[in-house]
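Trainee: Following this message is one structure expressed as structure tokens.
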Amino acid sequence: MTTFDTPPTTATSVLGSLTADEIRTTRSLLADAGALTATTRFVYVGLDEPDKADVLAFRSGEGPAPARVTRALLLDLATGDTSDALVDLDAGNVTARTIDAAVGQVPILDEEFEIVGEFLSTEPRWIAALQARGIDPATTVAVPLSAGSYDLPGEEGRRMVRSFAFVMDHPKDHPWAHPVDGLCAYVDIINRELIDLIDYRMYDVPLESGNFDDPAVAGPPLEGLKPIEITQPEGPSFTVDGEHITWANWELDISFDAREGLILRQLSYLDRPVMYRGSINEMVVPYGDPSPNRFWQNYFDTGEYVYGRYANSLKLGCDCLGEIHYFDAVLADEQGSPRVIENAICMHEEDYGTLWKHSDIFTGSSEVRRQRRLVISFFTTVGNYDYGFYWYLYLDGTIELEAKLTGVAFTAAYPPEGSDYQSHVAPGLGLPYHQHLFNARLDMTVDGLANAVDEIDAVTVPVGDDNPWGNAFTLSSTRIASERDGVRRANAEVGRTWHIVNTEKTNRMGAPTAYALHAQQSPTLLADPSSSISRRAPFTTNQVWVSRYGVDERYAAGDFVNMSDGSSGVSGYMAADRPLDGEDIVVWHTFGLTHFPRSEDWPVMPTDYAGFTLKPYNFFDANPVMNVPASTAKHCDHGCS
Numbered sequence: 001m002t003t004f005d006t007p008p009t010t011a012t013s014v015l016g017s018l019t020a021d022e023i024r025t026t027r028s029l030l031a032d033a034g035a036l037t038a039t040t041r042f043v044y045v046g047l048d049e050p051d052k053a054d055v056l057a058f059r060s061g062e063g064p065a066p067a068r069v070t071r072a073l074l075l076d077l078a079t080g081d082t083s084d085a086l087v088d089l090d091a092g093n094v095t096a097r098t099i100d101a102a103v104g105q106v107p108i109l110d111e112e113f114e115i116v117g118e119f120l121s122t123e124p125r126w127i128a129a130l131q132a133r134g135i136d137p138a139t140t141v142a143v144p145l146s147a148g149s150y151d152l153p154g155e156e157g158r159r160m161v162r163s164f165a166f167v168m169d170h171p172k173d174h175p176w177a178h179p180v181d182g183l184c185a186y187v188d189i190i191n192r193e194l195i196d197l198i199d200y201r202m203y204d205v206p207l208e209s210g211n212f213d214d215p216a217v218a219g220p221p222l223e224g225l226k227p228i229e230i231t232q233p234e235g236p237s238f239t240v241d242g243e244h245i246t247w248a249n250w251e252l253d254i255s256f257d258a259r260e261g262l263i264l265r266q267l268s269y270l271d272r273p274v275m276y277r278g279s280i281n282e283m284v285v286p287y288g289d290p291s292p293n294r295f296w297q298n299y300f301d302t303g304e305y306v307y308g309r310y311a312n313s314l315k316l317g318c319d320c321l322g323e324i325h326y327f328d329a330v331l332a333d334e335q336g337s338p339r340v341i342e343n344a345i346c347m348h349e350e351d352y353g354t355l356w357k358h359s360d361i362f363t364g365s366s367e368v369r370r371q372r373r374l375v376i377s378f379f380t381t382v383g384n385y386d387y388g389f390y391w392y393l394y395l396d397g398t399i400e401l402e403a404k405l406t407g408v409a410f411t412a413a414y415p416p417e418g419s420d421y422q423s424h425v426a427p428g429l430g431l432p433y434h435q436h437l438f439n440a441r442l443d444m445t446v447d448g449l450a451n452a453v454d455e456i457d458a459v460t461v462p463v464g465d466d467n468p469w470g471n472a473f474t475l476s477s478t479r480i481a482s483e484r485d486g487v488r489r490a491n492a493e494v495g496r497t498w499h500i501v502n503t504e505k506t507n508r509m510g511a512p513t514a515y516a517l518h519a520q521q522s523p524t525l526l527a528d529p530s531s532s533i534s535r536r537a538p539f540t541t542n543q544v545w546v547s548r549y550g551v552d553e554r555y556a557a558g559d560f561v562n563m564s565d566g567s568s569g570v571s572g573y574m575a576a577d578r579p580l581d582g583e584d585i586v587v588w589h590t591f592g593l594t595h596f597p598r599s600e601d602w603p604v605m606p607t608d609y610a611g612f613t614l615k616p617y618n619f620f621d622a623n624p625v626m627n628v629p630a631s632t633a634k635h636c637d638h639g640c641s
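Read in order, the letters of the sequence shown correspond to residues 1 to 641 in UniProt numbering.
Okay, here's the thing in structure tokens:
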């Protein structure tokens, strides 16, 4: 097992993670430029990535190294003033850009959540509403949440959140089990003002404990489970140089960003480019309960909460098993100083069963090879939910992303008359129906920059002269010519996939080299098309969006998601209807889960899964892993060949 005890002081590549020194320099240059006051807070600091063409020119020796430029989103807690600053670390220049609050606002600070909790603890109307329910306000915690955008009177131009209350019976009590329902505070954070108090119904507070870490709730330890040890006596098969990784036929770089978390960069297989950049750039959790105090519940965990900053420090034997390499993450805190999340990224190898196998009836040959995969992952906790994001690279060139969802589902009081929008999981306790919708930004370079996307469907052939027995079926291939046609839906009935093809290169049989995107079949956004969330998150309404690469087009819901009006994001990027055939393209893939919670999801949810797969399709001339050696594991009874 290896780890970085001390994070590097210089970036390992032009696109490498920010270092502690770079974060300090960013703060210093902003201070020198007069951009900081005593009440200025750093909402986000990240790399302002250079244009792909400049990076590739540098890597090929045809251009200079692009400058290292940081992007800092700043908020003055005293005035509400915000700025979007670019800091050239090489030249020492600072360029400040204005943020149109009518379009959207910077994400929410942890300090702002604390401000709201402190404000409500002394707010007379809030206290009176709690006391009217027979609740001691001192036993409650406020849970401030992103407000969304609903054009409600008095909210225009404000920076605000909406807050629930939960009862916490003692310091180790999980308050999610005890929602104070029918009550919600609308709070102006900057002015410390209660805009509105929604107090439409009184519910009994559910009393049953949700303390899953209490043996009295969890029950006695399960007996009979023997230890599982994952060992690699000769060490792992990967090598690491800074953030550059080599494993089997793969090479890639990784980095970590406060907003997007783990980023995979410049993946190549046998020195052939496959993907320039891959990340989960946005996710939203829309809730389906229309109750007057919770109709607004829709959370963008990347754009509103900057979920990378909540990455867990992973532990060997608990989060990761085997021969592990950890990477630390260096982020900026809200004062603009560097902070280190130790062991934020975990990397290891896993056995994954049979790679290929055949026992031949004619020759007597019997061969089997084992599949393995490289796992690169991180976990983040956003309020009540915990999300793991696992990128898998397989020996045969397959790429897979798996999101793992666990933690505590959001709670409500279950109405005595029942509900069409909640599951009843404990006495008086409901779990509202909701979705988890992720968007992966897949900046593809399949064998180079000249790419296009073909939509592939299975097609039934009618009985006729060419199909007299009715057994025939074939496929149809439709090239997506421009961005106007680049909004696509999955269709399980025809087994729809999308082939990202190179328009200039073929394999030995003349087929274009390609990677195929296999989407999981799951519902898109279930909210009405006229709803606020549909307007603010149009990327959730289809599974695939194909756009031309743009250096500033990084987030599916736009740069400023908090209280956004929905005017920016991937649908806006594609409005120009740029051509896509043989171009540098980006595939935006929306996937996720629709969660109708079950009793087994309470009080802590067993992990559920969502994801997608990218598989080579005619990328190779033949099976690329025929040369994988047979297993020689010493604990096998006999050889595998």
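All C-beta atoms in this analysis are idealised placements derived from N, C-alpha and C, irrespective of residue type, glycine included.
None of these values were measured; they are calculated from a predicted model.
Check Trp126 in the structure and name its three-state DSSP category.
Mentor: Residue state, collapsed to three classes: helix.
Trainee: Out of Ala132, Pro137, Asp188, Val167, which one is the CA nearest neighbour of Ile115?
Mentor: Comparing Cα-Cα distances from Ile115 to each of Ala132, Pro137, Asp188, Val167, the minimum goes to Asp188.
Trainee: DSSP three-state call for Ile115: helix, strand or coil?
Mentor: Ile115: helix per DSSP, three-state reduction.
Trainee: In whole angstroms, give me the CA-to-CA distance for Ile245 and Thr239.
Mentor: Computed Cα separation, rounded: 6 Å.
Trainee: Using the Cβ count rule (16 or more neighbours within 10 Å means buried), how would you classify Ser365?
Mentor: It is exposed - the Cβ of Ser365 has fewer than 16 other Cβ atoms within 10 Å.
Trainee: Near residue 643, which residues of its chain fall below 8 Å by C-beta distance, leaving aside the five closest residues on each side in sequence?
Mentor: Any property of residue 643 remains undetermined from this structure, which presents the chain solely from 1 to 641.
Trainee: In three-state DSSP terms, what is Asp99?
Mentor: Strictly speaking, residue 99 in this sequence is Ile, with Asp absent from that position. In this structure, Ile99 counts as coil in the three-state DSSP scheme.
Trainee: Given a threshold of 16 other Cβ atoms within 10 Å of its Cβ, counted over all protein chains shown, does Tyr200 qualify as buried or as exposed?
Mentor: Exposed: under 16 other Cβ atoms inside 10 Å.
Trainee: Could you tell me the distance, in whole angstroms, from the CA atom of Ala516 to the CA atom of Ser530?
Mentor: About 33 Å.
Trainee: Taking 7 Å as the limit between beta carbons, can you name the residues of its chain near Arg272, skipping five residues before and five after?
Mentor: Asp447.
Trainee: Closest to Pro624 by CA distance: which of Val167, Gly288, Asn249 is it?
Mentor: Checked all of Val167, Gly288, Asn249; the closest Cα to Pro624 is Asn249.
Trainee: With 16 other CB atoms within 10 Å as the buried threshold, where does Ile228 fall?
Mentor: With fewer than 16 Cβ atoms within 10 Å of its Cβ, Ile228 is classed as exposed.
Trainee: Within 8 Å, do at least three Cβ pairs link the segment 422 to 432 to the segment 459 to 479?
Mentor: Result no; under three Cβ-Cβ pairs closer than 8 Å.
Trainee: Helix, strand or coil for Asp420? Go by DSSP, reduced to three states.
Mentor: It is coil, neither helix nor strand.
Trainee: Going by CA-CA distance only, name the one from Gly397, Tyr421, Gln422, Tyr385 that's closest to Lys404.
Mentor: Comparing Cα-Cα distances from Lys404 to each of Gly397, Tyr421, Gln422, Tyr385, the minimum goes to Tyr385.
Trainee: Once DSSP output is grouped into helix, strand and coil, what is the label at Thr19?
Mentor: In the structure shown, Thr19 sits in coil (DSSP, three-state: anything other than H, G, I, E or B).
Trainee: Output the distance between the C-alpha atoms of Ala630 and Glu282, rounded to the nearest integer angstrom.
Mentor: Their Cα atoms are separated by approximately 41 Å.
Trainee: Would you kindly work out how many angstroms separate the C-alpha atoms of Asp565 and Arg536, rounded to a whole number?
Mentor: So the alpha carbons of these two residues sit roughly 6 Å apart.
Trainee: Measuring CA to CA, which of Arg68, His518, Thr503 is closest to Arg489?
Mentor: Of the listed residues, the one whose Cα sits closest to Arg489 is His518.
Trainee: Tell me, to the nearest whole angstrom, how far the beta carbon of Arg159 is from that of Gln232; I am working on the premise that it is less than 8 Å.
Mentor: Not really, about 51 Å apart at Cβ, beyond 8 Å.
Trainee: Could you name the residues of the same chain whose beta carbon sits closer than 7 Å to that of Met626, not counting the 5 residues immediately before and after it, in chain order?
Mentor: Here the set comprises nothing.
Trainee: Hey, Arg41 and Leu74: beta-carbon distance below 9 Å or not?
Mentor: Taking 9 Å as the Cβ cut-off, Arg41 and Leu74 qualify as a contacting pair.
Trainee: Using only CA atoms, which one of Asn93, Gly148, Thr354 lies nearest to Pro107?
Mentor: Pro107 has its Cα closest to that of Gly148, out of Asn93, Gly148, Thr354.
Trainee: Which one of Ala481, Lys226, Thr411, Val143 has the shortest CA to CA distance from Ser599?
Mentor: Comparing Cα-Cα distances from Ser599 to each of Ala481, Lys226, Thr411, Val143, the minimum goes to Thr411.
Trainee: Per DSSP, what kind of secondary structure is Pro175 in: helix, strand or coil?
Mentor: Helix at Pro175.
Trainee: Determine the extent of the alpha helix (DSSP H) in which Phe410 is found, giving its start and end residues.
Mentor: It is not in any alpha helix (DSSP H) - Phe410 carries neither H nor E in the DSSP assignment.
Trainee: I'd like to confirm the pairing. Which residues does DSSP put opposite Met283 in its beta bridges?
Mentor: Answer is Phe438, bridged to Met283.
Trainee: Give the range of the beta strand (DSSP E) segment to which Pro616 is assigned.
Mentor: Looking at the DSSP string, the run of the beta strand (DSSP E) that includes Pro616 is 605 to 617.
Trainee: Express the C-alpha separation of Met275 and Met509 in angstroms, rounding to a whole number.
Mentor: Answer to the nearest angstrom: the Cα atoms are 23 Å apart.
Trainee: Output the boundary residues of the alpha helix (DSSP H) element that contains Asp54.
Mentor: It spans 52 to 59 - the alpha helix (DSSP H) in which Asp54 sits, taken as one unbroken run.
Trainee: So does the segment 538 to 552 actually touch the segment 586 to 605, counting three or more Cβ pairs closer than 8 Å?
Mentor: Verdict: yes, contact present.
Trainee: The alpha helix (DSSP H) with Val217 in it runs from where to where?
Mentor: Element bounds for Val217: 215 to 218.
Trainee: Quick one: what's Ser377 bridged to in DSSP?
Mentor: Answer is Cys346, Tyr390.
Trainee: Pair every Cβ in the segment 341 to 356 with every Cβ in the segment 78 to 87, then say whether three or more of these pairs are closer than 8 Å.
Mentor: No: the two stretches stay apart, fewer than three of their Cβ pairs being nearer than 8 Å.
Trainee: Report the option in Thr39, Leu77, Glu49 whose CA atom is closest to the CA atom of Pro66.
Mentor: The residue with the shortest Cα to Cα distance from Pro66 is Glu49.
Trainee: Determine the DSSP secondary structure at Asn28, reduced to helix, strand or coil.
Mentor: In the sequence as displayed, the identity of residue 28 is Ser instead of Asn. Ser28 falls in the helix class under three-state DSSP.
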